[in-house]
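S.K.:
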Amino acid sequence: MKISVLGTGYVGAITGACFAELGNEVVFVDNDPRKVSIISEGRSPIYEPGLEDVLQRNLERISATGDTRGAVLSTDVTFICVGTPSREDGSIDLSFVEQVSRDIGDALKDKEGHVVVVKSTVLSGSTENVVGRTMEEVSGKRAHAGFGLASNPEFLREGSAVHDVFHPDRVVLGTEDAMSLRVLEELYDPFDCPVLVTDIATAEMIKYVSNAFLATKISFANEVGNLCKHRGLDTAKVFEGVGLDHRISPQFFRSGIGFGGSCFPKDVRALLSQMHESGLAQGILDAVVAGNEAQPLRAVELLKGHLPDLKGKRVGILGLAFKPDTDDIRESRAVPIIERLLEEGAEVIAYDPLAADNFKALFPAIAYAASAAEALDSDAVIIATEWKEFEDLDYDGKTVIDGRRVEKAKSAAVYEGVCW
Ligand SMILES: NC(=O)c1ccc[n+]([C@@H]2O[C@H](COP(=O)([O-])OP(=O)(O)OC[C@H]3O[C@@H](n4cnc5c(N)ncnc54)[C@H](O)[C@@H]3O)[C@@H](O)[C@H]2O)c1
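Letter by letter, the sequence shown follows residues 16 to 435 of the numbering used here.
#1: Enumerate in chain order the residues of its own chain whose CB-to-CB distance from residue 254 is below 6 Å, with the five nearest sequence positions on each side excluded.
#2: Quick one: give me the first and last residue of the beta strand (DSSP E) that residue 129 is part of.
#3: Under 8 Å by Cβ, that's how I've got residue 164 and residue 195 pegged, so tell me the actual separation to the nearest angstrom.
#4: For residue 71, which residues in the same chain have their Cβ closer than 6 Å to its Cβ, ignoring the five residues on either side in sequence?
#5: Taking the alpha carbon of residue 233 as the point to measure from, which residue in 103, 265, 432 and 222 has its own alpha carbon closest?
#6: Could you give the first and the last residue of the continuous beta strand (DSSP E) run that contains residue 85?
#7: At a threshold of 7 Å, does residue 46 count as lining ligand 1 (C-beta to nearest heavy atom)?
#8: Could you check what DSSP says for residue 188 in three-state terms: helix, strand or coil?
#9: Output needed for residue 153: all residues of its chain with C-beta closer than 6 Å, excluding positions within five of it in sequence on either side, in chain order.
#10: I'd like to know whether the C-beta atoms of residue 209 and residue 37 end up nearer to each other than 8 Å.
#11: Please list the segments of the beta strand (DSSP E) lying wholly inside the region 94-141, counting only runs of 3 or more residues, in order along the chain.
#12: According to DSSP, is residue 332 part of a helix, a strand, or is it coil?
#13: Using 8 Å as the threshold, is the C-beta distance between residue 322 and residue 360 below it?
#14: Put residue 44 into one of helix, strand or coil per three-state DSSP.
#15: What is the residue span of the beta strand (DSSP E) that residue 366 lies within?
#16: Which residues mark the beginning and the end of the beta strand (DSSP E) in which residue 432 is found?
#17: May I ask you to list the residues that DSSP assigns as paired with residue 78?
#18: Are residue 334 and residue 399 closer than 8 Å when you measure CB to CB?
#19: Figure out for me which residue from 53, 273 and 421 has the closest Cα to the Cα of residue 81.
#20: Does the region 172-182 touch the region 128-138, meaning 3 or more C-beta pairs lie closer than 8 Å?
#21: So for residue 256, helix, strand or coil by DSSP?
#22: List the residues that DSSP assigns as beta-bridge partners of residue 417.
#23: Taking three-plus beta-carbon pairs below 8 Å as touching, is the region 362-376 in contact with the region 305-320?
#24: Under 7 Å from any heavy atom of ligand 1, does the C-beta of residue 139 make it?
#25: Compare the C-alpha of residue 41 against each of 22, 26, 16 and 64 and name the closest.
#26: Once the 5 residues before and after residue 413 are set aside, which same chain residues still bring their CB inside 7 Å of it?
#27: On the three-state DSSP scale, how would you describe residue 320?
#28: Under 7 Å Cβ to Cβ from residue 281, same chain only, skipping five residues before and after it: list those, please.
#29: Taking 8 Å as the cut-off, does the region 285-302 touch the region 211-229 (at least 3 CB pairs, one atom from each stretch)?
#30: Return the CA-CA distance between residue 378 and residue 20, expressed in angstroms with no decimal places.
#31: Looking at ligand 1, does it come within less than 7 Å of residue 337, judged from the CB to the closest heavy atom?
#32: Under 7 Å from any heavy atom of ligand 1, does the C-beta of residue 208 make it?
#33: May I ask you to list the residues that DSSP assigns as paired with residue 502?
#34: CB-CB under 6 Å to residue 221, same chain, minus the five flanking residues each way: which ones, in chain order?
#35: Please list, in chain order, all residues of the same chain as residue 362 whose beta carbon is under 6 Å from its beta carbon, the five residues on each side excluded.
#36: Looking only at C-alpha atoms, which of 55, 97 and 28 sits nearest to residue 64?
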């Protein structure tokens, strides 16, 4: 099949590469010319283990362009994979989605039977009411008649995304017309996993409820983890015992300094804003967000228990990416920690094996270490990301506040886990 993918960020680049690996022809589209030229050479525009290998293997099946209209006209199906960030008030910003919907609509004037699939995470109702309506207005054609319209939410995790795309727990197809269902079923035919076919609004909601549930599990783990620490209990043992209940599962049952990244914080905020708008918020998700904002600052409070006056103290930060194996720093928990340390007058020296360059744009004035050992050479260290290499450091004689349960760090002279 011929596929165009609009937006070559984490989701678009990975989805497109994996569809190419399955034998499809893929045209990547981005309005960032740098990404277009990188992808054209079969290189990865983002750091994601294994992605470049997939692109290289499929060079003859991929191309990249900045021309949305041309890409739509030359393909059978278009996946919308542009960003859907948070606005200041937490509601979802659909401006990128609206822009590409106009561009696709313009191409659809000259095309029949094209299928448009929304993979970007959008609130229930948006595919129909924003994407569909916009394309109808611009193209003069009707959704589900002149063109197909569907939702196919993405559940990949950065850092293991290539594996996740080929081995999903499930595929969700939100379709309401036969042409979209046929195209999506054909594309996903090689996948050996449950395929759930729903209406579009249900598919959109499944994505938000999944992310909100996982975020809730993490904030819950942090809240009870704080109590376990206060009571001198080993939180991991408690969670192990609880997670053995098959209704609960041990997955994502870990405490630490909270969740970050491009999805959980913004998706919870967007769902919450839809709940508040509907007058249906009961406080659970408000607490999930509030707990997640407070949790990273506990690391600084614990540090002050050992170094009450941080003024002029050199504090190392180990890990800036929101999780290991990615260079993505969006909503990284290192951000509020560093902000608070700077407010307290500390000197920060930060280290990350991949994400330091991205972080420099946010914090140009702090020091960056060339190695973890250099950052460790400080008055104290806070571990903010569980990079594997932090398990190999020499923590002897150090003061460590561990936000991510790095086992080796327990050998430090002074060691505090954030909630264990
Ligand atoms: N990152 C994840 O782990 C993940 C997982 C599941 C779902 N999602 C969802 O997928 C969507 C994309 O997320 P992402 O992390 O890939 O975002 P991203 O910011 O990494 O990538 C978005 C890309 O879209 C491009 N773009 C913006 N406007 C465009 C336009 N008019 N024409 C062409 N390209 C344009 C940008 O240049 C960028 O390359 C979001 O809705 C997100 O919530 C993300």
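Glycine included, each C-beta is placed from N, C-alpha and C at the ideal position.
M.R.: Considering the structure as presented:
#1: 268
#2: 129-133
#3: 6 Å
#4: 57
#5: 265
#6: Per DSSP, residue 85 belongs to no beta strand (DSSP E); it is in the alpha helix (DSSP H), 83-88.
#7: yes
#8: strand
#9: 117, 120 and 121
#10: no
#11: Secondary structure remark: continuous beta strand (DSSP E) runs of at least 3 residues inside the region 94-141, in chain order: 129-133.
#12: strand
#13: Not in contact: residue 322 and residue 360 (Cβ atoms no closer than 8 Å).
#14: strand
#15: 362-366
#16: 429-432
#17: 42
#18: yes
#19: Taking only the C-alpha atoms, the option nearest residue 81 is 53.
#20: no
#21: helix
#22: DSSP lists 398 and 432 as the beta-bridge partner residues of residue 417.
#23: no
#24: no
#25: 16
#26: So the list reads 391, 396, 427 and 428, once near-sequence residues are dropped.
#27: Looking at residue 320 - three-state DSSP - the assignment turns out to be helix.
#28: Beyond the five residues adjoining it in sequence on each side, residue 281 comes within less than 7 Å, by CB distance, of 100 and 101 in the same chain, given in chain order.
#29: Of all C-beta pairs linking the region 211-229 to the region 285-302, three or more are shorter than 8 Å, placing the two stretches in contact.
#30: 33 Å
#31: no
#32: no
#33: Missing from the structure shown is residue 502; the chain here goes from 16 to 435 and no further.
#34: 187
#35: Closer than 6 Å at the Cβ level, and outside the excluded window around residue 362, lie 329.
#36: 28
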